[in-house]
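Working notes for the structure below.
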Amino acid sequence: MSGLWNPFFQRLDYLAIAPEIILTIFGLGILLIDFMLERRDKYLNAVTALVGLGFAGYKLLKFWSQNPNYSGFDGRFSLDAFSLFLKIVMVIATAIVVLISVKYLEIENVHLGEYYALLLLAAVGMMFLASGTDLIVLFIALELMALCEYVLTGFLRSNRRSNEAAMKFFLLGAFSSGLLLYGMSLLYGLSGSTRLADIQTALAARPRSDAMVWLAMITLLAGLFFKIAAVPFHQWTPDAYEGAPTSITAFISVAPKVGSFAIFLRLLLVGLKPFEGQWQLLVIGVAIATMTLGNLAAVTQSNIKRFFGYSTISHVGYLLLGVIAAADGNRVGLQAVMIYLFVYAFMNLGAFAVIIVMRRKDIIGDELDDLSGLMSRAPGLALLMLIYLLSLAGIPPTAGFIGKYYIFLSLVETGHYYLAVLGVVYAVVALYYYFRIVVAMFMKRAPEQAPLARGPGLTLALAVTLAMTVAVGVYPEPLIRLAQTAVAPLF
2 MSGLWNPFFQ
12 RLDYLAIAPE
22 IILTIFGLGI
32 LLIDFMLERR
42 DKYLNAVTAL
52 VGLGFAGYKL
62 LKFWSQNPNY
72 SGFDGRFSLD
82 AFSLFLKIVM
92 VIATAIVVLI
102 SVKYLEIENV
112 HLGEYYALLL
122 LAAVGMMFLA
132 SGTDLIVLFI
142 ALELMALCEY
152 VLTGFLRSNR
162 RSNEAAMKFF
172 LLGAFSSGLL
182 LYGMSLLYGL
192 SGSTRLADIQ
202 TALAARPRSD
212 AMVWLAMITL
222 LAGLFFKIAA
232 VPFHQWTPDA
242 YEGAPTSITA
252 FISVAPKVGS
262 FAIFLRLLLV
272 GLKPFEGQWQ
282 LLVIGVAIAT
292 MTLGNLAAVT
302 QSNIKRFFGY
312 STISHVGYLL
322 LGVIAAADGN
332 RVGLQAVMIY
342 LFVYAFMNLG
352 AFAVIIVMRR
362 KDIIGDELDD
372 LSGLMSRAPG
382 LALLMLIYLL
392 SLAGIPPTAG
402 FIGKYYIFLS
412 LVETGHYYLA
422 VLGVVYAVVA
432 LYYYFRIVVA
442 MFMKRAPEQA
452 PLARGPGLTL
462 ALAVTLAMTV
472 AVGVYPEPLI
482 RLAQTAVAPL
492 F
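What follows is the structure, encoded as structure tokens:
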């Protein structure tokens, strides 16, 4: 790795943040191009965003091939396998969202360059979350990501539901940020430093019953639980999912989740490592509540975006099970989280791509009944949706099964048998409500022969998500090896 840094870049640490710099330049460039052009081109901004993501992705893959373990900016930024794995997932997920957005924005007749600029800037915030090892860096990155999410949620300015969802999201997000910042300030007061390594050292010397540490831990976790949409801080999720543009619902259901889990894992497994036994108890309770509410609430939903909102909450519960196992020093638990985040991105984005194909402005696309009779209208599309739903339910041989299998394996290895059993029970519940959609697609009559939205971006997105959902399920070994490499820096 020593040959990677020339003296100029080593001194300023610029090379380590090259992917973030690239996305920032392209995001600002899109704003400039959109401002200068008198007539907006519906493809130019999307292509520019994809080119920027392509350059950033190339740089990340180049870093990965060199197996870096670099700490820059005075120990406040880490470029390691953990951060690179998550950044690659973020870039791929954002690129897929750009692909499905082209047709969606055409349907809604919205062609504003700031849409793609905000997507890229949100990705910049997420990427800094993956590499941040300092409280200030993490908080600023989190807010950059969140502010972009708030604006994108309310992007359909003439749509009252979109505006209402954005306002609720913003108000609750601001409250959670206050809790998170308060917890961070307490950690700084306890340790005298904002760097996670220093905080870990300081907390190791304090008694496990220290009231101030507990207060810091609880407020910090409360803020983090909001960001990942865990119960009881999940209230924003169904409203934001329902009101946001469908392409943005797809985005906030995947990419920011990866970023939020990046800060969640860094803070818990590094900064709060001396108190693993204490925060593990809190996470166990939240994981059980999250799986319970997410799965049971999804059963009763008729709006497909709210349905996927509660589905996302249930998947967060499964991810927390992996974190619980990781708290016991089990590498398989953290490895399972990495695998789950990777496969969830593809299967969930694929499902939303199908929903966008069904979309007609202000008429169709938001209700479960809109998928009725899809098999008779578009058999290929119905089969695609079936594969994504089977994967979300964790049925072999799909990618979702691999994620759930390693979650349950880590729980068994660490002796959390009751959590493994509970997870299996809720997987059966999930199979029931996902098959509500299957029944509608294959056994109900189509309400009307509405034309389907088609476009090269949607086709490519469906092809990529299908390929990964099936390939990982059939041949998971490459992803397993990548996840094993990715978790090494945290152990």
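Those letters in the sequence shown? Residues 2 to 492, per the working numbering, in order. For glycine and all other residues, C-beta sits at the position ideal for the given N, C-alpha and C. Model, not experiment: these values are computed from the prediction.
Problem - Cβ-Cβ separation, Ala118 to Leu32 (assumed contact under 8 Å), whole Å - result: 5 Å
Exercise for the section: Give the DSSP bridge partners of Phe78, in chain order. Expected result: Paired residues: Gly73, Gly133.
Exercise for the section: Would you list the residues sitting across from Arg196 in a DSSP beta bridge? Expected result: Asp135
Exercise for the section: My understanding is that Gly224 touches Leu181, with C-beta atoms under 8 Å, so please give their C-beta distance in whole angstroms. Expected result: Contact flag correct, Cβ pair sits at about 3 Å.
Exercise for the section: Let me know if Met37 comes out buried or exposed under the rule of 16 or more other beta-carbons within 10 Å of its beta-carbon. Expected result: exposed
Practice task
To the nearest angstrom, report how far apart Phe443 and Tyr389 are at their CA atoms.
Solution key: Their Cα atoms are separated by approximately 15 Å.
Problem - Gly53 versus Thr238 - alpha carbon distance - result: 29 Å
Handout entry: Buried or exposed (CB count within 10 angstroms, at least 16 for buried), Ile26
Key = exposed
Problem - Span separating the alpha-carbon of Leu320 from that of Glu109 - result: 34 Å
Exercise for the section: May I ask you to report which of helix, strand or coil DSSP gives Asn304? Expected result: strand
Practice task
For Ala326, collect the residues of the same chain with a Cβ closer than 6 Å to its Cβ; drop the 5 residues on either side in sequence, then sort them by chain order.
Solution key: Taken in chain order, the residues that qualify are Gly334, Ser411, Leu412, Thr415.
Handout entry: Proximity winner among Pro457, Ile89, Leu372, relative to Ala47 (alpha-carbon distances)
Key = Pro457
Practice task
Run the CB neighbour count on Ala206, radius 10 Å, all protein chains shown included, and call it buried at 16 or more, exposed below.
Solution key: exposed
Practice task
Determine the burial state of Phe492: buried for a count of at least 16 other Cβ atoms within 10 Å of its Cβ, exposed for fewer.
Solution key: Looking at its Cβ environment, which holds fewer than 16 other Cβ atoms inside 10 Å, Phe492 is exposed.
Practice task
State whether the segment 367-375 contacts the segment 312-319, with contact taken as three or more CB pairs (one from each stretch) at a distance under 8 Å.
Solution key: Too few Cβ pairs lie closer than 8 Å, so no.
Practice task
Please report how far the alpha carbon of Pro397 lies from the alpha carbon of Leu391, in whole angstroms.
Solution key: If I take the Cα positions, the gap works out to 8 Å.
Exercise for the section: Mark Arg446 as exposed unless 16 or more other C-beta atoms lie within 10 angstroms of its C-beta, in which case mark it buried. Expected result: exposed
Practice task
Compare the Cα-Cα distances from Leu480 to each of Ile137, Leu45, Val338 and report the closest residue.
Solution key: Val338
Exercise for the section: With a 10 Å radius around its C-beta and 16 neighbouring C-beta atoms as the bar for buried, classify Glu21 as buried or exposed. Expected result: buried
Handout entry: Beta carbon of Ile18 nearer than 9 Å to that of Ala142
Key = no
Practice task
Evaluate contact between the segment 93-106 and the segment 461-470, counting only Cβ atoms and requiring at least three cross-stretch pairs below 8 Å.
Solution key: With the cut-off at 8 Å, the segment 93-106 and the segment 461-470 touch.
Exercise for the section: For the segment 293-312 and the segment 264-282, state whether three or more C-beta atom pairs, one from each stretch, are separated by less than 8 Å. Expected result: no
Exercise for the section: Could you tell me the boundaries of the alpha helix (DSSP H) in which Met469 lies? Expected result: For Met469, the enclosing alpha helix (DSSP H) starts and ends at 457-475.
Problem - Pick from Gly184, Pro257, Val425 that is closest to Leu222, judged by C-alpha positions - result: Gly184
Exercise for the section: Report yes if the CB atom of Gly55 is closer than 9 Å to the CB atom of Ala94, and no otherwise. Expected result: Against a cut-off of 9 Å, the Cβ pair of Ala94 and Gly55 comes out as no contact.
Problem - 7 Å Cβ shell around Glu277 - same chain, five flanking residues per side excluded - result: Ala328
Practice task
Would you mind stating whether Ala231 and Val287 have Cβ atoms separated by less than 9 Å?
Solution key: Here Ala231 is near Val287, since their CB atoms are less than 9 Å apart.
Handout entry: Nonlocal neighbours in the same chain, by C-beta distance under 7 Å from Phe226, ignoring five residues either side
Key = Phe234, Val287
Problem - Residue nearest to Gly310 in terms of C-alpha spacing, selected from Gln336, Gly330, Ala251, Lys274 - result: Ala251
Exercise for the section: Tell me, to the nearest whole angstrom, how far the beta carbon of Phe409 is from that of Val425; I am working on the premise that it is less than 8 Å. Expected result: 7 Å
Problem - Inter-stretch contact (C-beta, 8 Å, three-pair minimum) for the segment 133-140 and the segment 69-88 - result: yes
Exercise for the section: Scan the segment 204-244 and note each continuous alpha helix (DSSP H) run of 4 residues or more that stays entirely inside, going in chain order. Expected result: 212-229, 237-244
Problem - Those residues which DSSP pairs with Glu368 across a bridge - result: In the DSSP output, where bridge partners are listed per residue, Glu368 has Asn304.
Exercise for the section: Please work out which residues of its chain come closer than 6 Å, Cβ to Cβ, to Gly126, disregarding the five sequence neighbours upstream and downstream, and give them in chain order. Expected result: Ala142, Leu145, Met146
Exercise for the section: Assuming Gly323 contacts Tyr345 (C-beta within less than 8 Å), just tell me the rounded distance between them. Expected result: With a beta-carbon spacing of about 12 Å, Gly323 and Tyr345 fall beyond the 8 Å limit used to define contacts.
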